[in-house]
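S.K.:
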Amino acid sequence: MASIEAESGERPVELLSSYANRLRTRSPWRWEGKVIEAVGQTVESAGPLCSVGECCEIVDSEGEVHLAEAIGFRGANLITMPVESSSGIRYGDTVAALGVQPSIDVGEGLIGRVLNALGQPLDRAGSLRATDALPLERAVPHPLDRTPIRMPLGTGIRAIDSMLTVGRGQRVGIFGGSGVGKSTLIGMMTRNSDADVIVVGLVGERGREVGEFLEDSLGPEGRKRSVVVVSTSDQTPLLRMRAALAATTVAEYFADQGKHVLLVLDSLTRFAMAAREVGLAAGEPPTAKGYTPSVFSRLAQLVERAGQFREGSITAFYTVLMEGDDQQDTLVDAVRSYLDGHVVLSRTLASQGWYPPIELLDSISRLMPSVASGEHRGAAATVRRMLAAYARSEDLVRIGAYKAGTDPELDDALRTREAVRAFLMQDAGEAVSFAEAREGLIRLSEGMRR
């Protein structure tokens, strides 16, 4: 036992507990079938007997084992999708049901580590010290197990903490087109948030950007209290989906320990696209933009797993790609309805050098009235009115057609516009506490009333 503890860094009781949890989920029977067809990323087989979502393995003629997942049935035949490559699979190969659902190892030892979608380490920092294994598809918490959201969570971003205050357990979407700063924004959050633990899910990310995010956006200090789960764009749709599910499961583990967790998922759009690929491969009918019906139910189930619970909380930020900056896109509209708020990034502001380019008039935090003081809300409303007054008459101002004194509110907006701009802009390396953001907003609004 002493040697086991020395090698793994775990107490023997914890190690055996992890193995015992795995054994309890194993079936004593082994059901097998034979491959009869392989098309694209799917494999059809006669048998074995198993349920949708169950793990299977396909043994090819060379003896190589391919992990797969049951995604549906066609008549009496089973449809599976290999988790990784299907290369080498041919007619007559053995398909065996493993009797378990996909799971991930969890434990305090995950903090500071970078994992792939299967929960395996990517950072070459040795084996993981896990104490338990949890299924990726956990049930959504009972509505009565949730508690009201009353406490704010500081994100370290002045524009959000002051104007779009987020509560512990809130689910927020970051909506924007390509290249407007979504990744930069989540990098600022992960470094500066006052959450206990940060879990980052990079779903279908470009391989080049994974290292950049870890080194530049997260940084050494951010990594010390973070768990990063990665799937890259070249991987199968199952792995891309599993990255989002694994990140959420890890966040749930720490929330169950009473911690306040910040979950950042980049991006929910790529999760939906991966779910669409799986659904179409299973034979589901396409609907708007090719999305299958199961995509929208999967999105709802995923985001509903975050929230404020009796012990801990999961505050979640999900990035959503707006194709062509279209806020009425089918997926964008659906996701917005599932969330407790949305932050819209503007390409126009980004082109003007306004960073972070948050379009406050299109953004909202539905829980700000519950977590911000009356003075704070009043100051935010004052600034918002000034921004709206300028937006209404911006064209007139730009062409010189506006006469000073015609609209007192617009006069105030023009007088204070540079002060508002300076307050809302923030360098990517600048850290701002929640208290600093709130007090700065109150001082700004007081200056507007003079």
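Throughout the sequence shown, residue numbering follows UniProt numbering, covering 1 to 450 in sequence. From the three backbone atoms N, C-alpha and C, an ideal C-beta is built for every residue, glycine too.
1. I'd like to know if the stretch 73-82 and the stretch 194-203 are in contact, where contact means that at least 3 CB-CB pairs between them fall below 8 Å.
2. Do the CB positions of residue 32 and residue 53 come within less than 8 Å of each other?
3. Cutting at 6 Å between CB atoms, please list the residues of its own chain near residue 349, excluding the five before and the five after it.
4. Give, in chain order, every unbroken run of the alpha helix (DSSP H) that is at least 4 residues long and sits entirely within the stretch 165-249.
5. What separation, rounded to the nearest whole angstrom, lies between the Cα atoms of residue 149 and residue 169?
6. Nearest to residue 178 by alpha carbon, out of 416, 346, 388 and 420?
7. Counting C-beta neighbours from all protein chains within 10 Å, is the total for residue 142 16 or more, i.e. buried, or is it exposed?
8. Assign residue 368 to one of two classes, buried (16 or more other C-beta atoms within 10 Å of its C-beta) or exposed (fewer than that).
9. Where does residue 13 land, buried or exposed, given buried means 16+ other C-beta within 10 angstroms?
10. Please go through the same chain and pick out, in chain order, the residues whose beta-carbon is closer than 8 Å to the beta-carbon of residue 152, but skip the five residues on each side of it.
11. Can you list, in chain order, the residues of its chain with a C-beta nearer than 7 Å to that of residue 279? Leave out the 5 residues immediately preceding and following it.
12. Over the uninterrupted beta strand (DSSP E) stretch that includes residue 33, give me the two end residues.
13. Nearest to residue 310 by alpha carbon, out of 147, 69 and 40?
14. My understanding is that residue 189 touches residue 265, with C-beta atoms under 8 Å, so please give their C-beta distance in whole angstroms.
15. Quick one: using the 10 Å Cβ neighbour count with 16 as the cut-off for buried, is residue 359 buried or exposed?
16. On a CA-only basis, which of 155, 43, 232 and 96 is nearest residue 122? Give me that one, please.
17. Determine, using beta carbons only, whether residue 366 and residue 341 come nearer to each other than 8 Å.
18. Any idea what DSSP makes of residue 308, helix, strand or coil?
19. Quick one: any contact between the stretch 384-392 and the stretch 412-428, if contact means 3 or more CB pairs under 8 Å?
20. Since residue 111 is in the beta strand (DSSP E), which residue starts that stretch and which ends it?
21. State the Cα-Cα distance for the pair residue 333 and residue 90, rounded to the nearest angstrom.
22. Measuring CB atoms only, is the stretch 225-242 touching the stretch 114-129, in the sense that at least three cross pairs come out at less than 8 Å?
23. Hey, is the stretch 59-68 in contact with the stretch 108-115, meaning 3+ C-beta pairs nearer than 8 Å?
24. What are the boundary residues of the beta strand (DSSP E) that residue 266 is part of?
25. In this structure, how does DSSP classify residue 80 when only helix, strand and coil are distinguished?
26. Can you list, in chain order, the residues of its chain whose CB lies under 8 Å from that of residue 43, leaving out five sequence neighbours each side?
27. Tell me the DSSP secondary structure of residue 313 in three-state form.
28. On the criterion of 16 or more Cβ atoms from any shown chain inside 10 Å, does residue 157 qualify as buried, or is it exposed?
29. Please go through the same chain and pick out, in chain order, the residues whose beta-carbon is closer than 6 Å to the beta-carbon of residue 439, but skip the five residues on each side of it.
30. Using DSSP with H/G/I as helix, E/B as strand and the rest coil, what is residue 125?
31. Residue 352: buried (16+ other C-beta within 10 angstroms of its C-beta) or exposed?
32. Less than 8 Å between the beta carbons of residue 241 and residue 271, yes or no?
33. Quick check on the DSSP output: the beta strand (DSSP E) that includes residue 453 runs from which residue to which?
34. Drop a sphere of 10 angstroms on the beta-carbon of residue 129, count the other beta-carbons inside from all chains shown, and report buried for 16 or more, exposed for fewer.
35. Alpha carbons only, please: which of 132, 219, 243 and 175 is nearest the one belonging to residue 327?
36. Can the beta-carbon of residue 245 be found less than 8 Å from the beta-carbon of residue 303?
M.R.: The structure says:
1. no
2. Residue numbering aside, residue 32 sits at position 32 when the sequence shown is read from its first letter. Residue numbering aside, residue 53 sits at position 53 when the sequence shown is read from its first letter. Contact: no.
3. If you number the sequence shown from 1, residue 349 lands on position 349. Cβ neighbours of residue 349 beyond the five flanking positions: 357.
4. 182-192, 207-212 and 219-223
5. The residue you call residue 149 lines up with position 149 of the sequence shown. The residue you call residue 169 lines up with position 169 of the sequence shown. Approximately 7 Å, taken between the alpha carbons.
6. Taking the sequence shown and counting its residues from 1, the one referred to as residue 178 is at position 178. Nearest C-alpha to residue 178: 346.
7. Taking the sequence shown and counting its residues from 1, the one referred to as residue 142 is at position 142. With fewer than 16 Cβ atoms within 10 Å of its Cβ, residue 142 is classed as exposed.
8. Position 368 of the sequence shown, counting from 1, holds the residue named residue 368. By the neighbour-count rule (16 or more Cβ atoms within 10 Å), residue 368 is buried.
9. On the sequence shown, position 13 is the one that residue 13 refers to. In this prediction, residue 13 scores a pLDDT of 49, lower than 50, which makes its location untrustworthy; no coordinate-derived value is stated.
10. The count along the sequence shown starts at 1 and reaches residue 152 at position 152. Same-chain partners within the cutoff: 161, 165, 166, 167, 168, 371, 372 and 434.
11. In the sequence shown, residue 279 corresponds to position 279, counting from 1. For residue 279, where only same-chain residues beyond five positions count, the Cβ hits under 7 Å are 292, 294 and 295.
12. Working through the sequence shown from its first residue, we reach residue 33 at position 33. Counting along the chain, the beta strand (DSSP E) containing residue 33 begins and ends at 31-39.
13. Within the sequence shown, residue 310 is the residue found at index 310, counting from 1. The shortest C-alpha separation from residue 310 is found at 147.
14. Counting from 1 along the sequence shown, the entry for residue 189 is found at position 189. Counting from 1 along the sequence shown, the entry for residue 265 is found at position 265. With a Cβ gap of about 12 Å, residue 189 and residue 265 do not count as contacting.
15. By one-based count along the sequence shown, residue 359 stands at place 359. Result: buried.
16. Indexing the sequence shown from 1 puts residue 122 at position 122. For residue 122, the nearest C-alpha among the options comes from 232.
17. Position 366 of the sequence shown holds residue 366. Position 341 of the sequence shown holds residue 341. Against a cut-off of 8 Å, the Cβ pair of residue 341 and residue 366 comes out as a contact.
18. Position 308 of the sequence shown, counted from the start, is the residue given in the question as residue 308. Strand.
19. Segments in contact, yes.
20. Walking along the sequence shown from the start, residue 111 turns up at place 111. It is not in any beta strand (DSSP E) - residue 111 carries neither H nor E in the DSSP assignment.
21. In the sequence shown, counting from the first residue as 1, residue 333 sits at position 333. In the sequence shown, counting from the first residue as 1, residue 90 sits at position 90. Those two C-alpha atoms are separated by around 42 Å.
22. yes
23. Judged by Cβ distances under 8 Å, the stretch 59-68 makes no contact with the stretch 108-115, as fewer than three pairs qualify.
24. Working through the sequence shown from its first residue, we reach residue 266 at position 266. Looking at the DSSP string, the run of the beta strand (DSSP E) that includes residue 266 is 260-266.
25. Here residue 80 is taken as the residue at index 80 of the sequence shown, counted from 1. Strand, per DSSP.
26. As a first step, residue 43 must be located in the sequence shown, where it is residue number 43. Cβ neighbours of residue 43 beyond the five flanking positions: 35, 37, 58, 68, 79, 80, 81, 82, 86, 89 and 95.
27. Counted from its first residue, the sequence shown places residue 313 at position 313. Here residue 313 carries a strand assignment [DSSP, helix/strand/coil].
28. The sequence position of residue 157 within the sequence shown is 157, counting from 1. It is buried - the Cβ of residue 157 has at least 16 other Cβ atoms within 10 Å.
29. Walking along the sequence shown from the start, residue 439 turns up at place 439. So the list is empty, once near-sequence residues are dropped.
30. Here residue 125 refers to the residue found at position 125 when the sequence shown is read from its first residue. Looking at residue 125 - three-state DSSP - the assignment turns out to be coil, as it is neither helix nor strand.
31. Locating residue 352 in the sequence shown gives position 352, counting from the first residue. Exposed, because fewer than 16 other Cβ atoms sit within 10 Å of the Cβ of residue 352.
32. Residue 241 sits at position 241 when you count from the first residue of the sequence shown. Residue 271 sits at position 271 when you count from the first residue of the sequence shown. Cβ atoms of residue 241 and residue 271: closer than 8 Å.
33. An answer regarding residue 453 cannot be provided, because it is not within the stretch 1 to 450 covered by the chain.
34. Start at 1 with the first residue of the sequence shown, and residue 129 comes out as number 129. Within 10 angstroms of the beta-carbon of residue 129 lie 16 or more other beta-carbons, which makes it buried.
35. The residue labelled residue 327 in the question sits at position 327 within the sequence shown. Considering only alpha carbons, the answer is 175.
36. Looking up residue 245 in the sequence shown gives position 245. Looking up residue 303 in the sequence shown gives position 303. No. Outside cutoff.
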